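*Asks:* Residue numbers (this note's numbering), protein chains in the order written: chain U, 13 to 228; chain S, 30 to 228. All residues carry an ideal CB built from backbone N, CA and C; glycine is no exception. All values derive from a computational prediction rather than experimental measurement. Before anything else, here's the structure in question.
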């Protein structure tokens, strides 16, 4: 079959499969395995971080792809275990978006990260995804099953994107990778701008409360 | 079936799937401006945004390489900067006028098939990107899921650029070139209608 048709069909399926998938709540109906497997695909911050990291690994060459995907898998597993041990897992969204911004920024600028840096970014990304994707309360077997599926889903996504980037020999392939990097960078930048606004609003509200309290 | 025809059919199927597919929403969505769908629909449902983004793609075709791929890479980044200005509420006068003016100026550039130096084209597009981003950004602080909202409007903007580039591909043929330049005239007129309040 023509490769373009395969790509077109795969793209179509990727767009159709998510449907109205909602992170957490609505994924419960899918069962533990599929809820875990789809987690990196349906949570935007995880998706952006994994895709950006995979683009960076793909541009880093074959060695970066090999080491990076393994480190990513280990990172996700470590993050899942550490978060499961904590009573209240921290919000990993800022770390996910920071990773996405750094990796996508490098891809947009056309930079090739050295092996140690690309693998380091993969490790941080894996830890953040694992922390964010920790299964919610349920039976131990179900949570374990969901966690294993998250590792598989995350590594599969990263491997496909990194492989496509690694095999990008045509000019427009490389341009497409940089456009993807640009879009991810823009999203991450906007998130941090919004975070800044929220913190500023909280700080000013706190100041106002403090002033009214001292005045009363 | 030729490879080119397969590619066109595949692209059309993907585009149809994008339009048909229900939105993918991370976490819960509350409020009018929450989530991917709100972000995606914001540029798409604003005709002034739509024509300006398509004009950027059309103009990129006339400018040729490297502008045709530099503009879609740079535009979202500058638009994000404009979005940040909007969120922080940096005073920016006449945002709606700037957006309408962007359609007029970019439409004229397409209609006349202007080819200024890359830095000048990037400057023109960059200035207008700030206005477009500002308009999106002012709606973002009320969004419950900022990442989904940002992803939605960045993807929508990028797809509109791609629509412009795809249509601009007709300029390879003499008749197509006339069609693309006519589109530029129509965009300029539509921008003028927004600018004068007729639309």
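With C-beta atoms as the reference, is residue 140 of chain S less than 7 Å away from residue 213 of chain S?
*Replies:* In this structure, residue 140 of chain S places its C-beta atom within 7 Å of the C-beta atom of residue 213 of chain S.
*Asks:* Only counting the same chain, and skipping five residues up and downstream in sequence, which positions put a Cβ closer than 8 Å to that of residue 35 of chain U?
*Replies:* Residue placement at residue 35 of chain U cannot be trusted, given a pLDDT of 43 that sits under 50; the coordinates are not used to answer.
*Asks:* Could you list which residues in chain A have their beta carbon closer than 8 Å to that of residue 104 of chain U, in chain order?
*Replies:* The structure shown has no chain A; the protein chains it does contain are U and S.
*Asks:* Verify the CB distance criterion: does residue 202 of chain U have a CB-CB separation below 7 Å to chain S?
*Replies:* yes
*Asks:* Quick one: Cα of residue 210 of chain S to Cα of residue 174 of chain U, how far?
*Replies:* 39 Å
*Asks:* Would DSSP call residue 58 of chain S helix, strand or coil?
*Replies:* Since pLDDT at residue 58 of chain S reaches only 43, below the 50 mark, its modelled position is unreliable, and no value is offered.
*Asks:* Jot down the residue ranges of each uninterrupted alpha helix (DSSP H) in the stretch 45-107 of chain U, minimum 4 residues, whole runs only, in chain order.
*Replies:* Positions of the alpha helix (DSSP H) runs, each at least 4 residues long and wholly inside the stretch 45-107 of chain U, are given as 56-72 and 74-97 in order along the chain.
*Asks:* I want to verify the contact list: residues of chain U whose CB lies under 7 Å from the CB of residue 98 of chain S, in sequence order.
*Replies:* Contacts between residue 98 of chain S and chain U, judged by CB atoms closer than 7 Å, involve 187 in chain order.
*Asks:* Looking at the C-beta of residue 76 of chain S, does it have a partner C-beta in chain U at a distance below 7 Å?
*Replies:* Output row for residue 76 of chain S: interface = no.
*Asks:* Would residue 207 of chain S be called buried (16 or more neighbouring beta carbons within 10 Å of its own) or exposed?
*Replies:* exposed
*Asks:* Which residues bound the alpha helix (DSSP H) around residue 75 of chain S?
*Replies:* Element bounds for residue 75 of chain S: n/a, residue is neither H nor E.
*Asks:* Where do the N-terminal and C-terminal ends of the alpha helix (DSSP H) with residue 142 of chain S fall, by residue?
*Replies:* Note, residue 142 of chain S: premise wrong, no alpha helix (DSSP H); not H, not E.
*Asks:* Measure from the C-beta of residue 61 of chain S to each C-beta in chain U and report whether the shortest distance is under 7 Å.
*Replies:* Reliability fails at residue 61 of chain S, whose pLDDT of 38 lies under 50, so the model's placement of it is uncertain and the value that follows must be treated cautiously. With 7 Å as the cut-off, residue 61 of chain S does not count as an interface residue toward chain U.
*Asks:* Would you list, in sequence order, the uninterrupted alpha helix (DSSP H) runs of no fewer than 4 residues that lie entirely inside the stretch 116-188 of chain S?
*Replies:* 124-140 and 147-167
*Asks:* Against chain U, with Cβ distances strictly below 7 Å, would residue 102 of chain S count as a contact?
*Replies:* yes
*Asks:* Roughly how many whole angstroms lie between the Cα atoms of residue 121 of chain U and residue 154 of chain U?
*Replies:* Their backbone Cα atoms lie some 42 Å apart in a straight line.
*Asks:* Of all the options U:67, U:211 and U:46, which has the alpha carbon lying nearest to the alpha carbon of residue 133 of chain U?
*Replies:* U:67
*Asks:* Label residue 204 of chain S either buried or exposed according to how many other C-beta atoms from any shown protein chain fall within 10 Å of its C-beta, with 16 as the threshold for buried.
*Replies:* exposed
*Asks:* Apart from the five residues just before and just after residue 136 of chain U, which ones in its own chain have a Cβ nearer than 8 Å to its Cβ?
*Replies:* Correct list, in chain order: 87, 107 and 111.
*Asks:* Apply the 10 Å Cβ neighbour rule to residue 183 of chain U and answer buried if 16 or more other Cβ atoms are within range, or exposed otherwise.
*Replies:* exposed
*Asks:* Let me check understanding here. Comparing Cα to Cα, which of S:124, S:191 and S:188 lies closest to residue 166 of chain S?
*Replies:* S:124
*Asks:* Note down, in chain order, every chain S residue with its Cβ under 7 Å from the Cβ of residue 195 of chain U.
*Replies:* 105, 183, 184 and 187
*Asks:* Looking only at C-alpha atoms, which of S:162, S:225 and S:220 sits nearest to residue 198 of chain U?
*Replies:* S:162
*Asks:* Going along chain U, which residues have a C-beta under 8 Å from residue 108 of chain S?
*Replies:* 198
*Asks:* Once DSSP output is grouped into helix, strand and coil, what is the label at residue 98 of chain S?
*Replies:* helix
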